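Numbering (this note's numbering), first residue to last: 66 to 655.
Here the structure is laid out as structure tokens; the discussion comes afterwards.
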């Protein structure tokens with residue numbers, strides 16, 4: 066599993082930003098500045114954001130400035146936040162400024178001498194710099210401080226034995242462990258979920274979790290392959306019904322599966338019917354828009370029922386599962402059917418089954434052909450001169466990184482809409498996987514009519530003071546005062562649930578689309594874990610963040626006022642059904 070190991074630390078850090086929206090909440094900062102209103106009761110400012118203002122200076126001078134601020138104004142900045150400094154170091158590292166990153170990692174080790182993660186980062190930077198001796202020394206120190214640090218363990222092994230080939234996931238499709246190793250790892254998986262996850266038994270009882278584990282253990286034989294074991298594991302993980310507890314969004318399953326075993330059609334599940342959207346190598350015997358009734362004799366409804374329990378989603382939200390299936394069907398279908406060598410499908414209206422040709426080469430998932438804001442933030446003015454559409458496909462903007470990009474976009478957009486006299490604002494949060502509460506709150510301050518409190522709960526290890534969102538924030542004086550409309554879908558995750566729950570609670574506008582993939586409740590953050598024998602890596606939520614919209618049900622996503630989605634014809638024609646409907650509502654406004 067080496068291919069997974071080398072990216073595990075990086076993945077952990079990225080997860081802190083995207084997937085744990087519900088926040089890297091031990092980061093403190095003032096809200097984005099607005100000329101019309103200042104934030105009352107501002108929490109500590111971001112030290113990283115401050116020193117980034119001097120990014121043009123040599124790194125030694127930035128670090129000297131850090132020490133100066135700590136000495137002269139310690140209480141004003143969040144010097145206790147190791148994660149924020151670590152992300153700053155990695156932003157330099159990923160920008161190929163390795164020498165600068167190394168100095169930041171040295172600073173972190175000085176400031177947090179008891180942090181195993183600090184020495185792990187140093188080990189990585191020295192390794193990138195080609196200094197194997199110092200890399201090894203720091204990785205060994207990190208492992209001694211934290212024996213569970215499998216990243217350090219792997220890197221030490223690679224440094225000491227560079228002659229050993231790196232085992233790729235694609236090499237492990239036929240790999241078999243002993244039945245005892247599999248069963249021990251299943252026990253470890255359940256124990257880890259219960260130990261790390263603060264709300265492990267919110268949607269499943271501990272008794273039922275262990276019952277599922279025992280059921281999977283009973284299926285293990287001496288011939289069970291590693292991919293089969295992985296399929297068992299993702300069902301156990303998904304049983305917690307937590308979007309932040311997952312196994313890599315089917316990355317592992319995809320990498321394990323040889324291309325010739327993948328289901329050789331691109332499909333889309335719409336209204337419980339499975340349609341072909343690209344016949345690939347089966348053009349001529351299968352057509353676009355053909356409806357598949359069964360695959361290898363298994364009815365589509367039965368197949369979906371077998372696959373859905375393996376898909377991670379928040380609570381009992383089904384829209385997320387449908388979207389994830391549509392993205393990964395070419396991989397999920399083979400796993401559910403036991404990796405068949407050939408596929409035979411029954412099509413509606415055709416008398417005989419069709420035996421499919423294998424697909425040669427890589428199969429790329431087909432994205433929805435409707436317009437999507439690829440830059441993350443987009444503003445569009447419609448021809449009626451009364452309506453604007455603001456697309457926000459991510460809230461992944463943090464004080465230590467690029468929150469200023471988000472706040473500048475929102476501030477400028479609002480000013481421009483005011484200048485143009487816009488009366489209707491459509492906010493599109495479809496595809497939004499979450500991010501930072503800083504971004505979410507900044508936008509809400511332009512939309513809310515009265516002060517609001519964002520969080521009812523913000524609980525995480527190491528918390529020492531209130532975070533942004535636990536106290537009331539006031540709307541901006543130059544807030545948008547026209548009609549508001551919101552578009553959402555089942556891919557809206559994490560912070561998007563917090564945002565839309567407050568939209569719902571504060572009755573800010575009309576919501577169009579489908580059940581959101583998240584809600585006001587969020588078990589966030591992620592701890593990256595690994596099983597002892599199979600080395601399977603998985604991620605477990607390790608904190609809790611809940612908005613103040615606690616009157617909404619925890620098991621459901623935020624529900625729209627108008628349930629609207631694409632039918633198969635609109636999908637194939639590239640028609641944005643939700644947007645067209647929402648624009649129609651806006652045009653009806655006086």
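Positions of the beta carbon are idealized from the N, C-alpha and C atoms, including for glycine.
Quick caveat: nothing in here was measured; it's all calculated off a predicted structure.
Rounded separation between residue i and residue j - CA only
i	j	result
residue 302	residue 314	12 Å
residue 597	residue 255	13 Å
residue 512	residue 378	29 Å
residue 613	residue 567	7 Å
residue 515	residue 389	37 Å
residue 647	residue 122	49 Å
residue 637	residue 461	31 Å
residue 264	residue 137	41 Å
residue 607	residue 575	34 Å
residue 335	residue 545	36 Å
residue 475	residue 481	10 Å
residue 229	residue 217	17 Å
residue 233	residue 497	31 Å
residue 188	residue 495	39 Å
residue 272	residue 584	26 Å
residue 167	residue 126	14 Å
residue 406	residue 202	48 Å
residue 240	residue 290	6 Å
residue 444	residue 493	10 Å
residue 425	residue 346	8 Å
residue 258	residue 244	21 Å
residue 227	residue 151	28 Å
Selection from the options that minimises the alpha carbon distance to residue i
i	options	result
residue 502	517, 533, 199, 228	533
residue 235	399, 292, 543	292
residue 415	382, 385, 359	359
residue 299	632, 465, 604	604
residue 626	652, 569, 595, 594	569
residue 117	139, 331, 157, 141	157
residue 452	526, 548, 382	548
residue 357	340, 268, 406	340
residue 368	573, 471, 654, 395	395
residue 110	143, 652, 174, 509	143
residue 324	571, 601, 510, 422	422
residue 442	332, 468, 393	468
residue 473	238, 274, 508, 392	508
For residue i, the first and last residue of its enclosing beta strand (DSSP E)
i	result
residue 429	No beta strand (DSSP E) holds residue 429; DSSP gives it neither H nor E.
residue 343	338–343
residue 603	602–605
residue 663	Nothing can be reported for residue 663, as the shown portion of the chain is limited to 66 through 655.
residue 357	356–360
residue 445	442–446
Secondary structure of residue i, DSSP reduced to three states
i	result
residue 295	helix
residue 589	strand
residue 91	Residue placement at residue 91 cannot be trusted, given a pLDDT of 40 that sits under 50; the coordinates are not used to answer.
residue 436	coil
residue 232	coil
residue 610	strand
residue 572	coil
residue 623	coil
residue 312	coil
residue 413	coil
residue 654	coil
residue 643	helix
residue 320	helix
residue 215	helix
residue 628	strand
residue 460	strand
residue 561	helix
residue 223	helix
residue 649	helix
residue 595	strand
residue 578	strand
First and last residue of the uninterrupted alpha helix (DSSP H) at residue i
i	result
residue 189	181–193
residue 239	Run containing residue 239: none; DSSP gives neither H nor E here.
residue 278	271–283
residue 398	383–402
residue 163	163–176
residue 370	365–372
residue 456	Taken as a continuous stretch (DSSP letters only), residue 456 belongs to no alpha helix (DSSP H), being part of the beta strand (DSSP E) at 452–457.
residue 331	No alpha helix (DSSP H) contains residue 331, which is instead part of the beta strand (DSSP E) from 331–335.
residue 206	197–210
residue 638	633–638
Those runs of the alpha helix (DSSP H) which lie wholly inside the region 479–558 and span at least 4 residues: 502–512
Taking only runs of the beta strand (DSSP E) that begin and end inside the region 102–148, which ones reach a length of at least 3 residues, in chain order? none
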